[in-house]
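Trainee:
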Amino acid sequence: MFLAGIMQGSHVAALVHDQNYRAGLRDVVQRAWPEAEVYDPHAGHANSVGYSLERAREVFDGHVAMCREFDLVIAFVPEASMGTAIEIWEACRHGRAVITITPLVHNWVVQLTSLAVYRDREAFEAALTSGEIDRLLLRHAAGRRA
939 MFLAGIMQGS
949 HVAALVHDQN
959 YRAGLRDVVQ
969 RAWPEAEVYD
979 PHAGHANSVG
989 YSLERAREVF
999 DGHVAMCREF
1009 DLVIAFVPEA
1019 SMGTAIEIWE
1029 ACRHGRAVIT
1039 ITPLVHNWVV
1049 QLTSLAVYRD
1059 REAFEAALTS
1069 GEIDRLLLRH
1079 AAGRRA
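When the count follows my numbering, it moves up by one through the sequence shown with no breaks and lands on 1084 for the last residue.
(1) Unbroken beta strand (DSSP E) runs of length 3 or more, entirely within the region 953-1035: which are they?
(2) Under DSSP, the beta strand (DSSP E) around Val1048 begins and ends at which residues?
(3) So Leu941 is in the beta strand (DSSP E); what residue range does that whole segment cover?
(4) Does the ligand ZN have a heavy atom nearer than 7 Å to the CB of Ala974?
(5) Counting Cβ pairs closer than 8 Å, one from the region 1026-1042 and one from the region 1058-1066, do we hit at least three?
(6) Going straight from the alpha carbon of Ala1080 to that of Ile1071, what length do you get?
(7) Using 8 Å for Cβ pairs, my map puts Ile1012 next to Leu963. What's the rounded Cβ distance?
(8) Is Thr1040 helix, strand or coil when you go by DSSP?
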């Protein structure tokens, strides 16, 4: 599972949004799916805002490629995020499941790419705990095989 989410967002300065959401999401996913491999793109790139353009392109291209390969992308988008939009677009285009946590429920990119959209972490966690997400993923996988 690829944990996509806002990093720079709409900051005009070289800043990164608070990334504490990542540990919480990773923990809830690992509790639900103990065997899941969770890749957090921020974990190895906490200082990415200072990368050279060449290094930034290398890392971003690598992450986008990963989104094409992982079975599931979970995206946390509390506000618009161009990088996350590209990641979920590519995942969707390559038949991967995308689950998005965002208040931007009317956004076309969110609607067109997401298997499911949850307004906040609490709704996502409830869906994960209840088995709703497991059922969605099973239907998605069955549709890919058909």
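Cβ coordinates follow ideal geometry from the N, Cα and C atoms, glycine included.
Mentor: Per the coordinate set shown:
(1) 1010-1014
(2) For the purposes of this step, residue 1048 is taken as the residue at position 110 of the sequence shown. No beta strand (DSSP E) contains Val1048, which is instead part of the alpha helix (DSSP H) from Trp1046 to Thr1051.
(3) Mapped onto the sequence shown, residue 941 falls at position 3. From DSSP, the beta strand (DSSP E) with Leu941 extends over Phe940 to Gly943.
(4) Inclusion of the ligand ZN in the displayed structure is not the case, the ligand content being empty and no account of it being possible.
(5) yes
(6) By 1-based counting over the sequence shown, the position of residue 1080 is 142. By 1-based counting over the sequence shown, the position of residue 1071 is 133. Their Cα atoms are separated by approximately 14 Å.
(7) Position 74 of the sequence shown, counted from the start, is the residue given in the question as residue 1012. Position 25 of the sequence shown, counted from the start, is the residue given in the question as residue 963. 7 Å between Cβ atoms; contact.
(8) Residue numbering aside, residue 1040 sits at position 102 when the sequence shown is read from its first letter. Here Thr1040 sits in coil by DSSP.
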